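> Counting along the sequence shown from 1, when you hit position 721 you're at 721 in the UniProt record's numbering, and nothing is skipped either side. Just so it is clear, CB atoms sit at the ideal spot from N, CA and C, and this is done for glycine as well. Being a predicted model, the structure only gives us computed values, none of them experimental.
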Amino acid sequence: MNAAPSIRPMQTLVVIGNGMVGHHCVEQLLNLGALDRYRIVVYGEESLRAYDRVHLSEYLSGRDAESMALSEAAFYERPGLTLRLGVRVQEIDRHQREIVTAEGRQPYDKLVLATGSFPFVPPVAGAEGTSSLVYRTLDDLDMIRAAAAGGRRGVVVGGGLLGLEAANALKSLGLEAHVVEFATRLMPVQLDDFGGAALKARIEALGVRVHLSRATQSIKPGTRYRHCMRFAEGEPLETDLVVFSAGIRPRDGLGRAAGLTLGERGGVAIDDRCRTSDEHIYAIGECAVWNGTVFGLVAPGYRMARTVAAELCGGEAQPFTGADMSTKLKLLGVDVGSIGDAHGKTAGAVSYRYIDEANASYRRLVVSADGKRVLGAVLVGDNSYYDTLLQYAQNGIAPPADPSGLIMPAGKAAPALGPDALPATVTICSCHNVSKGAICAAIDGGCTDLAGIKACTKAATGCGGCAGLLKQVFEHELSNRGVAVDKSLCEHFPYTRQELYGIVRVEGIESFDELLARHGRGKLGCDICKPAVASILASCWNRPIQDPGLVPLQDTNDTFMANMQKNGTYSIVPRIPGGEITPDGLLAIGAVAKKYRLYTKITGGQRIDLFGAQLHELPDIWTELIAAGFETGHAYGKATRTVKSCVGSTWCRYGVQDSVGMALRIEDRYKGLRAPHKLKFAVSGCTRECAEAQSKDVGVIATEKGWNLYVCGNGGMRPRHAELFATDLDDDTLIRYIDRLLMFYIRTADKLQRTAVWRDGLEGGLDYLKAVVIDDSLGLGAELEAQMQLVVDRYECEWANALKDPEKLKRFRTFVNDRSPDPDIRFVEERGQPRPAEPARDRVIPIVEELTQ
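#1: Can you list, in chain order, the stretches of the alpha helix (DSSP H) that have 4 or more residues and sit fully within the region 546-633?
#2: Around the Cβ of M743, are there at least 16 other Cβ atoms within 10 angstroms (buried) or fewer (exposed)?
#3: Compute the Euclidean distance between the alpha carbons of G19 and R136, then round it to the nearest angstrom.
#4: Measure the C-alpha to C-alpha separation of C287 and R88 and round it to an integer number of angstroms.
#5: Could you give the distance in angstroms between the alpha-carbon of E72 and the alpha-carbon of V26?
#6: Pull the bridge partners of L56 from the DSSP assignment, please.
#7: Could you tell me the alpha carbon to alpha carbon distance between A309 and K345, rounded to whole angstroms?
#8: Can you tell me which of the three DSSP states H24 falls into?
#9: Please name the residue in S435, R185 and G301 whose C-alpha comes closest to that of A424.
#10: Taking only the alpha-carbon atoms, compute the straight-line gap between R214 and G159 and give it to the nearest angstrom.
#11: Can K696 and K678 be called in contact, C-beta distance under 7 Å?
#12: My output table needs one value for F118: the three-state DSSP class, helix, strand or coil.
#13: Give me the Cβ distance between V367 and P399, rounded to the nearest whole Å; I'm assuming they're in contact under 8 Å.
#14: With a floor of 3 residues, list each beta strand (DSSP E) that falls wholly inside the region 313-388, ordered by position along the chain.
#15: Between V41, T184 and E692, which has its C-alpha nearest K644's C-alpha?
#16: Taking one C-beta from the region 788-798 and one from the region 529-548 each time, how about it: are there three or more such pairs within less than 8 Å?
#17: Can you list, in chain order, the residues of its chain with a C-beta nearer than 7 Å to that of T321? Leave out the 5 residues immediately preceding and following it.
#18: Per DSSP, which one or two residues make a beta bridge with C228?
#19: So, G175 versus A201, is the Cβ gap smaller than 7 Å?
#20: According to DSSP, is I284 part of a helix, a strand, or is it coil?
#21: K372: which of M788, G396, E580 and T239 sits nearest, CA to CA?
#22: Any heavy atom of the ligand ATP closer than 6 Å to the Cβ of M68?
#23: Which residue marks the beginning of the alpha helix (DSSP H) containing C540, and which one marks its end?
#24: Whole angstroms are fine: how far does the CA of S67 sit from the CA of L56?
#25: For chain D, find out if any of its Cβ atoms is closer than 7 Å to the Cβ of Q96; answer yes or no.
#26: Which same chain residues, not among the five before or five after F295, have their C-beta less than 6 Å away from its C-beta?
#27: Could you tell me which residues DSSP puts in a beta bridge with F244?
#28: Judging by CA-CA distance, which residue of D370, E580 and I284 is the nearest neighbour of L113?
#29: In the DSSP assignment, find the alpha helix (DSSP H) that holds Q472 and state where it starts and stops.
#30: How far does the beta strand (DSSP E) with E723 in it extend, from its first residue to its last?
#31: Three or more beta-carbon pairs under 8 Å between the region 647-656 and the region 601-616, yes or no?
#32: Is it true that the region 232-242 meets the region 98-114, where meeting means three or more beta-carbon pairs spaced less than 8 Å apart?
#33: Of the residues T703, A460 and V336, which one's Cα is nearest the Cα of L164?
#34: Less than 8 Å between C-beta atoms, sequence neighbours within five positions excluded: which residues of the same chain meet that for A675?
#35: Give me the DSSP bridge partner(s) of A65.
#36: Since L186 and G196 should fall inside the 8 Å C-beta cutoff, what is the C-beta to C-beta distance between them, to a whole number of angstroms?
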């Protein structure tokens with residue numbers, strides 16, 4: 001008789017903390033099959049499950065909390081895994097091996113502390129209560145938003161990474177932002193004096209006031225603002241709210257009370273296996289201290305989490321032996337990078353510096369005394385050097401004979417370190433510890449596109465800073481395996497979008513059929529090349545998109561010159577240049593909306609959207625709108641959309657230039673301009689930035705001397721601040737630079753590529769773009785301006801053109817040869833306005849769905 005197999009009893013594993021590191025630990029545990037041996041209970045003090053704190057500021061830019069979650073809710077709903085949110089752990093009873101909460105006691109066999117850190121608020125008289133806030137959680141941001149209501153000025157105490165992020169948050173809320181820093185420079189941990197000075201110059205150019213060497217002593221009631229900050233030296237500063245971001249402290253209270261060994265300056269002490277002084281308790285992330293160091297970045301916390309997960313699951317745990325604190329950041333749109341021994345503290349270290357005071361750019365390279373190793377670097381203003389320098393530093397690659405070439409401007413710099421020079425052990429993604437070897441293994445395992453690589457390895461899914469390098473390595477490794485990296489637009493055109501644009505311009509091609517016959521394959525084209533070529537033809541020649549030869553190329557929205565909504569109706573967006581509209585214009589829009597029972601909504605771009613129009617109604621509606629003086633707003637096209645403006649010097653007591661007048665000039669010039677992707681502009685009349693110009697593709701901010709130009713920002717799924725491009729421009733120079741910039745973008749960008757992504761891919765970065773546009777380094781200035789003038793001269797409202805042609809109007813019928821309305825559309829009311837009906841069942845909508853976004 002055989003003996004019954006032994007069954008290992010299930011143990012209970014408790015994880016205290018559901019931040020990014022705690023969540024990553026749970027992910028790793030599940031990947032290693034931990035639910036076969038543990039019941040896992042996770043406690044989170046916040047009411048929300050783990051969310052992305054790296055991009056915390058996006059919450060104030062409109063991103064909702066749910067979209068920031070690191071996992072779907074279903075992740076924590078699997079058997080054997082329990083998530084307790086909004087529950088604070090009060091005590092660890094090490095003798096009974098239990099944790100204590102307000103709900104009772106929870107036994108554990110193993111315990112992981114991932115309690116993170118808390119913001120340090122210095123002992124300042126008056127800092128308690130509503131006068132001060134911190135910048136750490138989504139709840140903190142909600143409190144900041146509430147405190148900013150009705151305020152004019154906000155101050156951040158602390159000029160480090162989070163302090164500058166907080167200042168950006170205050171700016172996004174419409175406040176005049178100030179930063180107060182105790183040290184003599186910004187970001188004193190990462191930057192040296194020169195780097196700090198360059199960063200200060202760039203930050204102040206963005207409208208943020210910086211006060212250095214200021215020790216805050218007290219906060220008292222103010223006279224012109226709510227509060228008055230007093231310093232050990234210098235004049236007091238009044239403000240409506242104070243946000244403290246003066247560093248972090250480990251949340252080690254549970255460990256301290258439980259008698260665990262702590263570091264000299266706080267933090268629960270851990271060994272190389274992340275074990276505390278109690279063999280049943282582990283600590284990871286910012287609550288832990290290893291070898292006297294607390295690691296305040298997410299990547300080291302992830303490494304600790306992987307070590308603990310392997311340890312608990314009986315796998316081969318890679319010891320935690322410290323972490324590289326190199327970091328690449330974008331603060332208020334300004335590139336900042338710090339690598340390795342950035343301050344040159346290594347004995348005998350030699351530094352090379354590149355200083356460009358005119359553009360507030362700075363680069364420092366630190367090499368060993370013998371010149372054979374790159375030890376560290378500092379970058380301010382241009383992070384295009386970062387990936388190459390990081391690989392030199394991390395992998396011990398010998399620098400060139402003249403190391404200064406690694407930080408020189410484009411044209412004088414040493415060649416970039418190619419993917420072939422990187423060993424398999426090199427870390428490409430530090431957040432998820434993905435090596436080049438792991439990427440190669442994923443390719444060998446069948447991953448043939450970037451999306452597959454990211455899904456398989458998680459590379460570039462953390463902070464995203466390695467995305468560019470990942471793409472280089474991926475394409476290089478495909479080529480090494482004899483797999484051609486096909487950059488063709490589609491099966492019909494063996495060219496990139498940029499190459500096709502050049503062919504169209506040089507050969508003067510004005511039709512898809514001619515382009516296909518001369519340079520393509522097949523007879524029909526597809527849903528990739530048709531819209532792309534349509535955009536190229538429009539950008540080059542600006543012919544009406546309803547012309548017979550062009551209509552078949554358009555996607556659904558362009559075909560009907562309106563945005564199709566989910567129920568088959570359409571939205572109508574008349575152009576309201578600069579947001580300026582007359583009372584008669586408002587009445588006209590209101591009359592149209594009322595007559596056709598359209599739902600109305602004012603957009604963030606200062607226009608009025610009209611929803612719920614049926615296809616056959618579009619010509620009638622536009623006939624009335626055009627008669628009232630309106631034009632198409634191109635909301636349906638990859639084209640110039642809006643030019644947002646504040647009221648400027650005409651009305652505002654802070655305005656220094658006529659922002660509305662400039663917005664009208666810009667919108668009138670670029671309306672109808674087709675591009676690889678939509679374009680949004682804004683003009684602010686002062687540095688208070690009420691038009692939010694720094695989140696636009698082209699942003700203009702008034703100064704006492706003229707206009708500051710910002711470029712390549714966007715407020716899309718991955719918001720990016722625009723970068724300062726030129727300062728104190730007169731009106732005509734501003735327009736000339738925008739002409740060149742937009743036409744250079746149209747000429748060189750990929751299909752459906754936003755300006756921010758395009759700029760990130762430019763070799764040489766912002767300095768290169770300045771050279772092309774401002775210095776005319778390629779000798780293209782006059783040509784780009786002439787191209788733009790051709791588009792401007794040929795502008796015609798697309799709806800006005802269509803209304804003049806009976807043949808074009810035949811397209812706007814719900815059913816072929818039938819003028820009847822769609823009988824399945826019914827309207828109901830929502831908040832007192834008509835709301836489009838739900839889509840009818842069992843009905844074919846006679847249109848082609850849009851296949852490209």
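Judging by the given coordinates:
#1: DSSP runs (the alpha helix (DSSP H)) wholly in the region 546-633: 556-560, 583-595 and 618-627.
#2: So M743 ends up on the buried side.
#3: Each residue's CA atom was taken as its position, placing G19 and R136 some 11 Å apart.
#4: Between C287 and R88, the C-alpha separation is close to 16 Å.
#5: Separation of E72 and V26 (C-alpha to C-alpha, rounded to the nearest whole angstrom) is 14 Å.
#6: None, per the DSSP bridge assignment.
#7: Distance between the alpha carbons of A309 and K345 is about 35 Å.
#8: DSSP places H24 in helix when its eight states are reduced to three.
#9: Among S435, R185 and G301, the Cα nearest to that of A424 belongs to S435.
#10: Answer to the nearest angstrom: the Cα atoms are 11 Å apart.
#11: Judged by their CB atoms, K696 and K678 are not nearer to each other than the 7 Å cut-off.
#12: DSSP places F118 in the strand class (E or B) of the three-state scheme.
#13: Sure, about 6 Å apart at Cβ, within 8 Å.
#14: If we require 3 residues or more, the beta strand (DSSP E) runs fully inside the region 313-388 come out as 327-331, 334-340, 350-356, 361-367 and 374-380.
#15: Minimum Cα distance to K644 is reached at E692.
#16: Yes, they touch.
#17: The answer, listed in chain order, is D272.
#18: According to DSSP, which records beta bridges pairwise, C228 is partnered with K220 and E238.
#19: According to the sequence provided, residue 175 is Leu. The question's Gly does not apply to it. No, the pair does not count as a contact, with Cβ atoms beyond the cut-off.
#20: The three-state reading of DSSP puts I284 in coil, since its state is none of H, G, I, E or B.
#21: Of M788, G396, E580 and T239, the smallest CA-CA separation from K372 is found for G396.
#22: With respect to small molecules bound, the structure shown includes none, and the ligand ATP cannot be examined in it.
#23: In this chain, the alpha helix (DSSP H) harbouring C540 covers C529 to W541.
#24: A direct Cα-Cα distance of roughly 12 Å separates L56 from S67.
#25: No chain D appears in the structure shown, which is made up of a single protein chain.
#26: Excluding sequence neighbours, F295 sits near A323.
#27: DSSP lists V134 and V157 as partners of F244.
#28: The option with the nearest alpha carbon to L113 is I284.
#29: Run containing Q472: A467 to N480, per the alpha helix (DSSP H) assignment.
#30: Where E723 is concerned, the enclosing beta strand (DSSP E) stretches over E723 to L729.
#31: The answer is no - the region 601-616 does not touch the region 647-656, with fewer than three Cβ pairs under 8 Å.
#32: Not touching, per the Cβ criterion.
#33: Answer by Cα proximity: V336.
#34: Within the same chain, Cβ atoms closer than 8 Å to the Cβ of A675 are found at S535, S539, K638, A639, T640, L742, Y745, I746 and A749, the five residues on either side in sequence being excluded.
#35: Its beta-bridge partners do not exist; DSSP assigns none.
#36: Here L186 really is in contact with G196; their C-beta atoms are around 5 Å apart, less than 8 Å.
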